[in-house]
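Step one of this worksheet: look at the structure below.
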Amino acid sequence: MEAVTIQHLTKKAKLNRFTFYQHYENKYDLLGMSKICSTP
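As numbered in UniProt numbering, residues 1 to 40 make up the sequence shown, in order.
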């Protein structure tokens, strides 16, 4: 997970960093939300 950067995530998602930080505190916050949303 250390190799993944906010810059890489936002570029791939076609978002700017400001938008990312409006919704998530950091990349670990995003990962936590993805686990919550994918739980059946």
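A virtual CB, placed ideally from N, CA and C, is assigned to each residue, including glycine.
- Residue burial annotation: Phe-18 is exposed, with fewer than 16 other C-beta atoms found within 10 angstroms of its C-beta.
- About 6 Å separates the beta carbon of Val-4 from that of Lys-27, a gap short enough to meet the 8 Å contact definition.
- The DSSP-derived three-state label of Ala-3 is coil.
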